[in-house]
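Novice: If you scroll down you'll find the structure; I have some questions about it.
Shown next as structure tokens:
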């Protein structure tokens, strides 16, 4: 009885350790190709199936997408290296003035334009920006210091699109950190805070302050794909020039009132995602959509589910003994000659974790890892087997001796 | 009187049934009515003109930027020529173009002044179109990719195209001057394989292969079969790296690079790329990899 109690405690402890391992892996900036494929296919299947899909095409009408790729001006390159094309500050300023005059005003304005160079028009631009509540511009992080926009005193938030990295891996966007480091809030989070009137803080890898805690690292569903920005008749992307040439505040105001305005380069600033090429501004929108839909909220039921699954796997790895004629023995008899003991363990655990991960995603909308966990479990299983090898030899010898004695 | 009483009684007795049936009838009529109303509402938004190319009239009045256009079934634009177009934007739906050259429905031609009439509602074309293989248009894509037109090829040169811009009426025409004659070859791009490929076959005329380095006036044009129009996109100068003299030179260069870079593959590739691009033309990543492999094997 005491032993059984101990088994439960050990399995629970190991499951907790696995959960932490899984959490740590999710918070890293890189992922493996196997995970890319799992995320891609589960997301696509979930999107297609009518009873699992959370896709709402009507959400597009909450946004106005303004393309600034055609609004360019020439600026001197540093150190007299000729001219370079940058975003036309005058045109952007005119647009921001129109937005500031819209009544009622926009819900939020995401301006995915990084000002890396100071120009003569910056003072005027700064004034226009500060007239719009809920506007946000990107800043970046240069490894050891923050690179702020060249236009001073404007509201800004951290911007980065994490890609896979490492040996032999695809370079594609998958994960997104809502707060980088301890305090660098990302653009979608800053906008979400503005819309929902909440203030979130990071503690122990989770975001607190808005009801249920949220996961800081998310693998967002791409709810709005680039192809969905146009239907058979209309394109949702409005070039900046079009809004300026209207020269009609009443007409232009309709584009911004009670909308989330997304200003960005939808033509050339493309990022590789696990689905396809996607404009950077649209990545921000998709993360924001996940936040609004509450998909990054931490679920205690999910925690219980993962603990239960990892507990079962822990028991299988640490205590399970397949007797003669058991299912395990039958499987190993087929798989060992084909892929070896390590390979068959890896495949077995991967399959189990695949099922756990797919259910977790479909029910709780959270992707969990496969390969590192399967590798870890295989290693533990192998170590346990090696540790038991002398004991098995003794058992086998005893059986032999007993058998011979019975025969005699 | 008796008959009236009977019928009255019947009505009273079937009151519940008649109520239910009237409700069903109401739903039957209301549902399509709601759908029609929703459809009308979807198109009842304000459409503003933000660009007019050429002369375009609505009810005999020339359209100008900032005009509000009612989008009804009968709204038709009158275009002075086929190249004219109008760009419309709506806060609810987005941006679109109406043009006789892009519309899905055929334009009606006026017999008196050759003006073209288009029903607006049937000819809205989304613009700009964002798709997975993001592109501004097939012409821009080809021009952007081929840059200054100086290219090298080992056995092929592959130009990626956007599948979203494939038009069944458009073909690519590659033309060049070989041995006192002008040669033109048409390539029909396919959605399933959105690439324009120049290979040995492209430069073979009457079973004779012409080294592209020795050809004159190589150009790519976009040919519209519907209007029988051809627009030259870019003039090309292609150098074949397969010629023995160039290969010999590159082999010697690679030999030197092995020592210079101490066998660092990436540095060798970069050095080789800069040499090839300086003296022969642009080289794509795949061709560079295959070139390095070829030189390595032959060493």
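Protein chains in written order, with my numbering: chain R, 17 to 424; chain B, 61 to 359. Note that CB positions come from ideal geometry on N, CA and C, so glycine has one too.
#1: Along the segment 373-390 of chain R, where does the CB come closer than 8 Å to a CB of chain B? Name the residues.
#2: Mind pulling the chain B residues with CB within less than 9 Å of residue 218 of chain R?
#3: So, residue 318 of chain R versus residue 380 of chain R, is the Cβ gap smaller than 8 Å?
#4: With a Cβ-Cβ cutoff of 8 Å, do residue 130 of chain R and residue 289 of chain R count as a contact?
#5: Does the ligand FAD have a heavy atom nearer than 7 Å to the CB of residue 225 of chain R?
#6: Give a yes or no on whether the C-beta atoms belonging to residue 246 of chain B and residue 233 of chain B are separated by under 8 Å.
#7: What is the DSSP secondary structure of residue 363 of chain R, counted as helix, strand or coil?
#8: Measuring alpha carbon to alpha carbon, tell me which residue in R:138, R:37 and R:147 is nearest residue 165 of chain R.
#9: When you compare only the Cα positions, how much space is there between residue 69 of chain B and residue 247 of chain R?
#10: Evaluate residue 178 of chain B with the Cβ neighbour count: other Cβ atoms within 10 Å of its Cβ, from every protein chain shown; 16 or more gives buried, anything less gives exposed.
#11: Under 8 Å by Cβ, that's how I've got residue 231 of chain B and residue 248 of chain B pegged, so tell me the actual separation to the nearest angstrom.
#12: From R:358, R:283, R:126 and R:217, pick the residue whose C-alpha is nearest to that of residue 188 of chain B; which is it?
#13: Starting from the C-beta of residue 132 of chain R, find all residues in its chain whose C-beta is less than 7 Å away, skip the five residues before and the five after it, and write them out in chain order.
#14: Report the residues of the segment 251-273 of chain R with a CB closer than 7 Å to any CB of chain B, ordered along the chain.
#15: Would a C-beta distance cut-off of 8 Å place residue 301 of chain B and residue 214 of chain B closer than the cut-off?
#16: Are the C-beta atoms of residue 116 of chain R and some chain B residue less than 8 Å apart?
#17: I believe residue 78 of chain R touches residue 275 of chain R by the beta-carbon criterion, under 8 Å. Please report the beta-carbon distance rounded to the nearest angstrom.
#18: Determine, for residue 249 of chain R, whether the minimum Cβ-Cβ distance to residues of chain B falls below 8 Å.
#19: Answer yes or no: do residue 322 of chain R and residue 35 of chain R have a C-beta to C-beta separation smaller than 8 Å?
#20: Can we say the segment 262-280 of chain B touches the segment 308-317 of chain B, given the rule of at least three CB pairs closer than 8 Å?
#21: Under DSSP, the alpha helix (DSSP H) around residue 330 of chain B begins and ends at which residues?
#22: For residue 331 of chain R and residue 27 of chain R, which I take to be in contact (beta-carbon distance under 8 Å), what is that distance rounded to the nearest angstrom?
#23: With three or more C-beta pairs closer than 8 Å as the rule, is the segment 102-121 of chain B touching the segment 226-245 of chain R?
#24: In the DSSP output, what is residue 254 of chain R paired with across the bridge?
#25: Please list, in chain order, all residues of the same chain as residue 211 of chain R whose beta carbon is under 7 Å from its beta carbon, the five residues on each side excluded.
#26: If contacts are defined as beta-carbon pairs under 8 Å, then residue 82 of chain R and residue 254 of chain R qualify, I think. What distance do you get, rounded to the angstrom?
#27: Residue 267 of chain B by DSSP, collapsed to three states: which one?
#28: Quick check: residue 262 of chain R and residue 110 of chain R, are their CB atoms within less than 8 Å of each other?
#29: Verify whether the separation of the beta carbon atoms of residue 135 of chain R and residue 91 of chain R is less than 8 Å.
#30: Give me the Cα-Cα distance between residue 277 of chain B and residue 193 of chain R, rounded to the nearest whole angstrom.
#31: What is the residue span of the beta strand (DSSP E) that residue 157 of chain R lies within?
#32: Between which two residues does the alpha helix (DSSP H) carrying residue 340 of chain R extend?
#33: So, is residue 157 of chain B buried or exposed, given that buried needs 16 or more other C-beta atoms within 10 angstroms?
#34: Within the chosen definition, does the segment 291-303 of chain R reach the segment 362-377 of chain R through at least 3 CB pairs nearer than 8 Å?
#35: On the three-pair Cβ rule with 8 Å, is the segment 64-80 of chain R touching the segment 346-356 of chain R?
#36: Quick check on the DSSP output: the alpha helix (DSSP H) that includes residue 138 of chain B runs from which residue to which?
Specialist: From the atom records:
#1: none
#2: As a first step, residue 218 of chain R must be located in the first chain, where it is residue number 202. Those within 9 Å of residue 218 of chain R in chain B number zero; the least Cβ separation is about 34 Å.
#3: Counted from its first residue, the first chain places residue 318 of chain R at position 302. Counted from its first residue, the first chain places residue 380 of chain R at position 364. The answer is yes: Cβ separation under 8 Å.
#4: Looking up residue 130 of chain R in the first chain gives position 114. Looking up residue 289 of chain R in the first chain gives position 273. Against a cut-off of 8 Å, the Cβ pair of residue 289 of chain R and residue 130 of chain R comes out as no contact.
#5: Here there are no bound small molecules, and the ligand FAD is not part of this structure.
#6: Residue 246 of chain B sits at position 186 when you count from the first residue of the second chain. Residue 233 of chain B sits at position 173 when you count from the first residue of the second chain. Yes, the Cβ-Cβ distance between residue 246 of chain B and residue 233 of chain B is below 8 Å.
#7: One-based indexing of the first chain puts residue 363 of chain R at position 347. Helix.
#8: Counting from one through the first chain, the residue named residue 165 of chain R turns up at place 149. That would be R:138, whose Cα lies nearest to the Cα of residue 165 of chain R.
#9: As a position in the second chain, residue 69 of chain B is number 9, starting the count at 1. As a position in the first chain, residue 247 of chain R is number 231, starting the count at 1. Per-residue confidence for residue 69 of chain B stands at a pLDDT of 36, beneath the threshold of 50, marking its modelled position as unreliable; the derived number appears in the next sentence. Rounded to the nearest angstrom, the two C-alpha atoms are 58 Å apart.
#10: Indexing the second chain from 1 puts residue 178 of chain B at position 118. So residue 178 of chain B ends up on the buried side.
#11: Counting from 1 along the second chain, the entry for residue 231 of chain B is found at position 171. Counting from 1 along the second chain, the entry for residue 248 of chain B is found at position 188. Going by Cβ atoms, the distance from residue 231 of chain B to residue 248 of chain B rounds to 5 Å, so yes, they are a contact pair.
#12: To locate residue 188 of chain B, count along the second chain from 1; it is residue 128. In terms of CA proximity to residue 188 of chain B, R:283 leads the group R:358, R:283, R:126 and R:217.
#13: Reading the first chain from its first residue, position 116 is the one you call residue 132 of chain R. The answer, listed in chain order, is 166.
#14: 251, 252, 253, 254, 258, 261, 262, 263, 264, 267, 270 and 271
#15: As a position in the second chain, residue 301 of chain B is number 241, starting the count at 1. As a position in the second chain, residue 214 of chain B is number 154, starting the count at 1. Yes, these two residues count as a Cβ contact at 8 Å.
#16: The residue labelled residue 116 of chain R in the question sits at position 100 within the first chain. No, its Cβ sits nowhere closer than 8 Å to a Cβ of chain B.
#17: Here residue 78 of chain R refers to the residue found at position 62 when the first chain is read from its first residue. Here residue 275 of chain R refers to the residue found at position 259 when the first chain is read from its first residue. That pair is a contact at about 6 Å.
#18: Translated into the one-based positions of the first chain, residue 249 of chain R becomes position 233. Taking Cβ atoms only, chain B reaches closer than 8 Å to residue 249 of chain R, which makes this a yes.
#19: Counted from its first residue, the first chain places residue 322 of chain R at position 306. Counted from its first residue, the first chain places residue 35 of chain R at position 19. At the C-beta level, residue 322 of chain R and residue 35 of chain R come within 8 Å of one another.
#20: no
#21: Locating residue 330 of chain B in the second chain gives position 270, where the first residue counts as 1. 325-339 is the span of the alpha helix (DSSP H), which, as asked, contains residue 330 of chain B.
#22: Here residue 331 of chain R refers to the residue found at position 315 of the first chain. Here residue 27 of chain R refers to the residue found at position 11 of the first chain. Contact holds; Cβ gap of about 5 Å.
#23: no
#24: Looking up residue 254 of chain R in the first chain gives position 238. DSSP, once it has assigned bridges, lists R:82 as partnering residue 254 of chain R.
#25: Working through the first chain from its first residue, we reach residue 211 of chain R at position 195. 123 and 124.
#26: Translated into positions along the first chain, residue 82 of chain R becomes position 66. Translated into positions along the first chain, residue 254 of chain R becomes position 238. Going by Cβ atoms, the distance from residue 82 of chain R to residue 254 of chain R rounds to 6 Å, so yes, they are a contact pair.
#27: One-based indexing of the second chain puts residue 267 of chain B at position 207. Here residue 267 of chain B sits in coil by DSSP.
#28: Translated into positions along the first chain, residue 262 of chain R becomes position 246. Translated into positions along the first chain, residue 110 of chain R becomes position 94. No; because the gap between Cβ atoms is not below 8 Å, this pair is not in contact.
#29: In the first chain, counting from the first residue as 1, residue 135 of chain R sits at position 119. In the first chain, counting from the first residue as 1, residue 91 of chain R sits at position 75. Their beta carbons are under 8 Å apart, which means residue 135 of chain R touches residue 91 of chain R by this criterion.
#30: As a first step, residue 277 of chain B is located in the second chain; it is residue number 217 there, counting from the start. As a first step, residue 193 of chain R is located in the first chain; it is residue number 177 there, counting from the start. Taking the straight line joining both Cα atoms gives about 53 Å.
#31: Translated into the one-based positions of the first chain, residue 157 of chain R becomes position 141. Residues 151-157.
#32: Residue mapping note: residue 340 of chain R aligns to position 324 of the first chain, counting from 1. Element bounds for residue 340 of chain R: n/a, residue is neither H nor E.
#33: The count along the second chain starts at 1 and reaches residue 157 of chain B at position 97. Taking all protein chains in view, the Cβ of residue 157 of chain B is crowded by 16 or more other Cβ atoms within 10 Å, so the residue is classified as buried.
#34: no
#35: Contact between the segment 64-80 of chain R and the segment 346-356 of chain R is absent, because fewer than three Cβ pairs lie under 8 Å.
#36: Counted from its first residue, the second chain places residue 138 of chain B at position 78. Counting along the chain, residue 138 of chain B sits inside no alpha helix (DSSP H); it lies in the beta strand (DSSP E) bounded by residues 136-139.
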